[in-house]
Structures are given as structure tokens and as C-alpha cells.
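S.K.:
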Amino acid sequence: MKQNKVLLAILFFGIAFSFISINPSLANTTEVPNGYFDLYLYQDHYLAIGETGLMGFDIYSNFDVSLDVNISLILFTPSGEVTLYSIQNNFSAGGYLYDEVYYTFSEQGYYDVLLYVIDGYGRDWKADCWWEVSEPWMDLWIGQDNYASMGDTGYMALDIVSHFSRNMTVSAKVVIITPSGTEDLIYENNSVSIAASGYWYADVLYFFPEVGHYKVIFSVSDGFGYWETQCWWEVYDEQEYLALWIYQDHHRMVNEDGWMDFVVENRFSINKTLTVRILLIGPNEEIILYNETVEVTPRDSWSFYTEYYFTEPGYYEVALLVTDHATDRVWDFWCWWEINGYDLFIDQEYTAKVGETKWMHFKAQSNFAHDMPSVIINIRMEDPTGYTELLLEVDVPINAHGIWEIDLNYTFTQTGDYFVHFELYDDIGYGWFAKCDWTISESGPEIYVNGPASVDINETFEIEGKVYSGFTDELHVKTITLAWENGTEIETVNVSKTIPPDSYTYAYFNVTIPVSGEFVFRITADTSKGMLETKYFVEVGIIDNTTNQETDTTPTLTPGFESVFGLLALVLAIPIIRKHRQ
Numbered sequence: 286m287k288q289n290k291v292l293l294a295i296l297f298f299g300i301a302f303s304f305i306s307i308n309p310s311l312a313n314t315t316e317v318p319n320g321y322f323d324l325y326l327y328q329d330h331y332l333a334i335g336e337t338g339l340m341g342f343d344i345y346s347n348f349d350v351s352l353d354v355n356i357s358l359i360l361f362t363p364s365g366e367v368t369l370y371s372i373q374n375n376f377s378a379g380g381y382l383y384d385e386v387y388y389t390f391s392e393q394g395y396y397d398v399l400l401y402v403i404d405g406y407g408r409d410w411k412a413d414c415w416w417e418v419s420e421p422w423m424d425l426w427i428g429q430d431n432y433a434s435m436g437d438t439g440y441m442a443l444d445i446v447s448h449f450s451r452n453m454t455v456s457a458k459v460v461i462i463t464p465s466g467t468e469d470l471i472y473e474n475n476s477v478s479i480a481a482s483g484y485w486y487a488d489v490l491y492f493f494p495e496v497g498h499y500k501v502i503f504s505v506s507d508g509f510g511y512w513e514t515q516c517w518w519e520v521y522d523e524q525e526y527l528a529l530w531i532y533q534d535h536h537r538m539v540n541e542d543g544w545m546d547f548v549v550e551n552r553f554s555i556n557k558t559l560t561v562r563i564l565l566i567g568p569n570e571e572i573i574l575y576n577e578t579v580e581v582t583p584r585d586s587w588s589f590y591t592e593y594y595f596t597e598p599g600y601y602e603v604a605l606l607v608t609d610h611a612t613d614r615v616w617d618f619w620c621w622w623e624i625n626g627y628d629l630f631i632d633q634e635y636t637a638k639v640g641e642t643k644w645m646h647f648k649a650q651s652n653f654a655h656d657m658p659s660v661i662i663n664i665r666m667e668d669p670t671g672y673t674e675l676l677l678e679v680d681v682p683i684n685a686h687g688i689w690e691i692d693l694n695y696t697f698t699q700t701g702d703y704f705v706h707f708e709l710y711d712d713i714g715y716g717w718f719a720k721c722d723w724t725i726s727e728s729g730p731e732i733y734v735n736g737p738a739s740v741d742i743n744e745t746f747e748i749e750g751k752v753y754s755g756f757t758d759e760l761h762v763k764t765i766t767l768a769w770e771n772g773t774e775i776e777t778v779n780v781s782k783t784i785p786p787d788s789y790t791y792a793y794f795n796v797t798i799p800v801s802g803e804f805v806f807r808i809t810a811d812t813s814k815g816m817l818e819t820k821y822f823v824e825v826g827i828i829d830n831t832t833n834q835e836t837d838t839t840p841t842l843t844p845g846f847e848s849v850f851g852l853l854a855l856v857l858a859i860p861i862i863r864k865h866r867q
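Numbered continuously in the working numbering, the sequence shown closes out at residue 867.
This is how it looks when you write it as C-alpha cells:
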């Protein structure tokens, strides 16, 4: 009797294990809460080598329950990957986290930043941003007055701000080009010391020997780099005159407002009655923005601020014309606007293999209503080390609303991220820019997998395993195998095929899964260059809108331990069943 009870217990547990084996979703079912995380990154985008950048981030929970999550902040540098931040955190319902990280950039190039949050159910949320780190530079300024009379001494304040992370000794000089074309070196110092991220200041005086327009060039060099800025003086033949300025921004897009601030300063010792006219000369018409008579007292100024809404692309000139009623003399000041200018386009792929030559198409579209007889076009390729190669430099004309275009080929020699810089400069030195990138991978063999992201329970679906030979060599593929994530083999296809360089071979597997859940497969290929492996994820079953039903139990296509145990229990129980029936 005692033996019968033991066998009945074995029968009960065996049937239970068998049932779970056939229905693994009953063995481990978890309710997955609905919700999501909002992620935000804050930073500055542009820095110099040696400078430290701040990255701040916010994470907001939109779940109504607490969740355990892993949080990572990863920086992809031009030469590798750096984990800046990694913690495990229990997020309360509706919770919030702010934190910040500092990083000192040590190499030139483009950096990607990835903020990554993953919960205990394998779901992830991401946010990204970028940095562009350049060689350090110097900022230069000249502070001065613009206007003077012949025989006056003009004052100029020179400023240098270093963006280098080291102490520097540089040479600085100031050259003035006089109205007659003479170049006067008015300041030179070959031992200017500037601390890391430091500041330098000097005053310069210049006695104006003649009437006319002067150009001032302030330049700095460390023997390798060169930086400069310019300003101008207008010198009159009398002690009393009108000084005119227009402050504005030069560049706008179509359907944007451009602001202009006009100033007329009376440097006469008497009152002046002036007629002020402001003209905007556009691609197709001339518009009067202002036409009034004003009174200006000695040493006082008149000003007028306006905005203009640009409705068409092209080049605009602005004229400030001031007529002195006492003498009928006209004083003038001019500035310009460029609206839209050029649209630059690069047509290309985004990935390639080492050793592969790829095609790129470059196009510049003029939005101007007049011909441009001379524009400079540069095309540069920046490799993963930061080295920049000049692919093209041409001086070409572009007609009104015309197009310039060219095709170029480039052979990639190393793995990593390449950046293509497309630059166009007009005859006054203003530039337009476009940029694209390439991701270059090893040219060796690889394995890929294709299949649906989700299927229904008991639906038969196809998984494709695809082997790439590599760009330069042939590859012999022996087998392609489909297995579960734990390594249990499902099916092996005997390929036994040698494929030439830059080609593929395929194997196909039909799979049916009788339960719901998320499942992971491994696809491997045995080749003449070793084993290749990748993974494939599929979601099985319809997921309810309010609660996801997931299981981490992998169904097997062959009888497992539980099934064998259940069958053994049935065999052992048969004598007892027969005895009871008798």
C-alpha cells in the first residue's frame, strides 16, 4: 500500500512537470508594468582639446510603480568608448533624477554621448547628444572708435583670449594699411605670454597722416597656428564731421526678420538739421525704410531701430544717407545682407568596409538672383584619427539660381567614423557648410540574421542566416546552425560552399513556437576563418494593451527532463491503475 502511494506521488508530479514542459508560459509568468522614462541631456557641443565639458542629464519616470533600473552614460570618442557614469537605481513611481558628469577632452574629432536606461524586464530607453572637439584657438578683438580727423591720434585696445590648455608664448603684431596703400607695422611683440585659458591686453596709438579709409589687421601666431581680426578707421580732413554706423547681423533665412540699428553722431560744435534716408536695395526692388528730417545737437546722436522681414533669397544692400542742410553734403554708410545664399547637399551611403571605394555626390544650389563670378569650394575628409585630407579645392563661378555639382570617389583605409566637410565661401569670405559621416567596419567575414520581430503563437516563420565573405578575401562556409540562446541546437544546414570576396551565402530555418514570450536564438557559421555568431530576438503571442505577459522560459523542440520524468511516472503507474481497475 505504501509503495502504491509513492508511485501515485510520482505520477502526480510527473504529470505536472510534463504539463509545464508543454506549456512553459505557466511556469514563470510576470506582469510587466506599463510606462516609460523621459531622458534629457544638456551640454555645449563645441570645445577645444584640453577643455572640460559638462554633461547634465534628467530622467523622469512615467510609471505608477517603482522600478529597479541600470543607468549608464557612455561617451564614444574618436578612438574608443568610455563609460562616464554607471549606477543601479530604484526609481520611485513618478520619480526624477538629475546628475552631471565632467569630461576633459584629449583628442580632436566627433564624440557621441549615449544616456541609457534599462529596467529589470529588459526594456531600454535612450537619449543621445554630441560634441565636436577642435584644435585650440585664440580669440582676438580690437576696441576702437572708427572715426577720426587728419592729425588725430587713434586709440586701439587689443585683446587676446586663449582657448589652449597650456601656457603659450606667441607673437602679436598690428599692421595698418593706409588710404595710399602703405603698410605700417605699428605694433610687434614676439614674446607675448598667455596662461592656459588666459587673457592678454595691450593699448596701441596711431597718428593718422592722411585722409581716407584705413584697414587695421591684428594677428597672432604661435609658429604653427595663425589667428587674425580686422577693423577700420575713416579719417576726415576737418575736426568736425558726422559719424555714421549701422549695427546688424548680415545673414538671415527667407521668412525671417533682420534687425538694424542706425546711428548718426553729430561731432560738429553747432546744431545740425539733417535729412536721413535709409534704403534697402534688394534683388528685385529698392525699398525706402526711412526718410525724415531730424535735428541733432552738438556732440549728440540720433538713432533708429527697425526690422525687415525677408521674403526672398539673395543679396541686399542697405544705405544710410545723411544730407547736411547747411552744406548739402551727403554722408553715407553701407552694409549688406545675404539671405539663404547657398544650399549644400551631399548624397552618399553611410557605411562601408575597410578597403572599399565609395561614391559621393556634392551639389551647391544658389539662391541668389545675380551671378557669382567667384566662389571657393573645399571638400575635406576627416579620418578617425582626426587627420583631414583635402579632396578638392576649386574657384568656380555660379550663375543666378545656378547649380554646381561634382562626383567624388574615396577609398577607406581604416575602421571608425569618417566625416566629410563640404564648404563654400563667397567673394567676401562668408561661408556655407554641410557635413556627413561614414561608419567604416572591418572588411572580414560577418554573419547576419533576418526574421520577423513578432509572430503569433503556433505560427511558422522563417529565419534567414546570411554569411558575408568580407571585402577582400574568399570564404569557405561549412555549416550554418540555428540554436537556442543556451546553445541547444535546433537545426544545422550543411552549406559546404566557397564564396568569392564581397558576396553572401544563405541558410533558411522554419520555426514554430507554441507559447508566448520573448525568445532569443543564436545563429552560428563554421567557416574557414573561424566561427561567426550573432543573435536574433522574436516576440511570440499577442500582448495585451494594459499588461504585457512575458516569460523567461525557453521552449524546447526535443523532450526535456520534465517530459521524460513524466513519461517514466506514467509507465510506473500503469500496474497501479490496472490493479485498481481489477
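In this text, a Cβ means the ideal position worked out from N, Cα and C, and glycines have one as well.
Would you list the residues sitting across from E592 in a DSSP beta bridge?
M.R.: Walking along the sequence shown from the start, residue 592 turns up at place 307. Paired residue(s): W544.
S.K.: Provide the residue span of the beta strand (DSSP E) that contains E818, from first to last.
M.R.: Within the sequence shown, residue 818 is the residue found at index 533, counting from 1. Per DSSP, E818 belongs to the beta strand (DSSP E) from 815-825.
S.K.: My output table needs one value for F493: the three-state DSSP class, helix, strand or coil.
M.R.: Taking the sequence shown and counting its residues from 1, one reaches residue 493 at position 208. Three-state result, F493: coil.
S.K.: Whose C-beta lies closer than 6 Å to the C-beta of D353 among residues of the same chain, with five residues either side of it excluded?
M.R.: For the purposes of this step, residue 353 is taken as the residue at position 68 of the sequence shown. The answer, listed in chain order, is N375, G405.
S.K.: Please state the DSSP three-state secondary structure of E774.
M.R.: Residue 774 sits at position 489 when you count from the first residue of the sequence shown. Looking at E774 - three-state DSSP - the assignment turns out to be strand.
S.K.: Measuring CB to CB, does Q393 end up less than 8 Å from G716?
M.R.: Taking the sequence shown and counting its residues from 1, the one referred to as residue 393 is at position 108. Taking the sequence shown and counting its residues from 1, the one referred to as residue 716 is at position 431. Not a contact, by the Cβ cut-off of 8 Å.
S.K.: Whole angstroms are fine: how far does the CA of D702 sit from the CA of D722?
M.R.: Within the sequence shown, the letter at position 437 stands for residue 722. Within the sequence shown, the letter at position 417 stands for residue 702. Approximately 7 Å, taken between the alpha carbons.
S.K.: Please work out which residues of its chain come closer than 7 Å, Cβ to Cβ, to V762, disregarding the five sequence neighbours upstream and downstream, and give them in chain order.
M.R.: One-based indexing of the sequence shown puts residue 762 at position 477. Result list for V762: V752, V780, K782, I784, T790, A810, T812, in chain order.
S.K.: Suppose you measure from the CA of S801 to the CA of G750; what does that come to, to the nearest Å?
M.R.: Reading the sequence shown from its first residue, position 516 is the one you call residue 801. Reading the sequence shown from its first residue, position 465 is the one you call residue 750. Taking the straight line joining both Cα atoms gives about 23 Å.
S.K.: Just the C-alpha distance for S588 and D546, rounded to the nearest angstrom, thanks.
M.R.: Along the sequence shown, one-based indexing puts residue 588 at 303. Along the sequence shown, one-based indexing puts residue 546 at 261. Roughly 7 Å separates the two Cα atoms.
S.K.: Check whether the stretch 416-429 and the stretch 440-450 touch, using three or more Cβ-Cβ pairs below 8 Å as the test.
M.R.: In short, these stretches touch, since the Cβ pair count reaches three.
S.K.: The beta strand (DSSP E) spanning P583 covers which residue range?
M.R.: Looking up residue 583 in the sequence shown gives position 298. P583 -> no beta strand (DSSP E), and no H or E assigned at all.
S.K.: Residues in the same chain with beta-carbon distance under 6 Å from Y532, minus the five sequence neighbours each way, listed in chain order, please.
M.R.: As a first step, residue 532 is located in the sequence shown; it is residue number 247 there, counting from the start. Hits under 6 Å: D546.
S.K.: In whole angstroms, what is the alpha-carbon distance linking I573 and Y395?
M.R.: Mapped onto the sequence shown, residue 573 falls at position 288. Mapped onto the sequence shown, residue 395 falls at position 110. Distance between the alpha carbons of I573 and Y395 is about 47 Å.
S.K.: For L326 versus V398, is the C-beta spacing smaller than 8 Å?
M.R.: The sequence position of residue 326 within the sequence shown is 41, counting from 1. The sequence position of residue 398 within the sequence shown is 113, counting from 1. Cβ distance < 8 Å, so L326 and V398 count as in contact.
S.K.: Looking at C-beta atoms only, is the number of pairs between the stretch 676-687 and the stretch 733-752 that lie closer than 8 Å three or more?
M.R.: Flag = no, the stretch 676-687 and the stretch 733-752 do not touch.
S.K.: From Y432 to T698, what does the alpha carbon distance come to, in whole angstroms?
M.R.: Residue numbering aside, residue 432 sits at position 147 when the sequence shown is read from its first letter. Residue numbering aside, residue 698 sits at position 413 when the sequence shown is read from its first letter. The straight-line gap from Cα to Cα measures roughly 56 Å.
S.K.: Would you call D692 buried or exposed, if buried means 16 or more other Cβ atoms sit within 10 Å of its Cβ?
M.R.: The residue given as residue 692 occupies position 407 in the sequence shown. It is exposed - the Cβ of D692 has fewer than 16 other Cβ atoms within 10 Å.
S.K.: Between I445, L677, Q429, which has its C-alpha nearest W512's C-alpha?
M.R.: In the sequence shown, counting from the first residue as 1, residue 512 sits at position 227. Closest by alpha carbon: I445.
S.K.: For D542, collect the residues of the same chain with a Cβ closer than 6 Å to its Cβ; drop the 5 residues on either side in sequence, then sort them by chain order.
M.R.: If you number the sequence shown from 1, residue 542 lands on position 257. Contacts found: E592, Y594.
S.K.: Taking Cβ positions, are R537 and I624 nearer each other than 8 Å?
M.R.: On the sequence shown, position 252 is the one that residue 537 refers to. On the sequence shown, position 339 is the one that residue 624 refers to. Yes, they are a contact pair.
S.K.: Once DSSP output is grouped into helix, strand and coil, what is the label at F653?
M.R.: In the sequence shown, counting from the first residue as 1, residue 653 sits at position 368. Residue state, collapsed to three classes: coil.
S.K.: Quick one: what's K782 bridged to in DSSP?
M.R.: Locating residue 782 in the sequence shown gives position 497, counting from the first residue. Its beta-bridge partners are V762.
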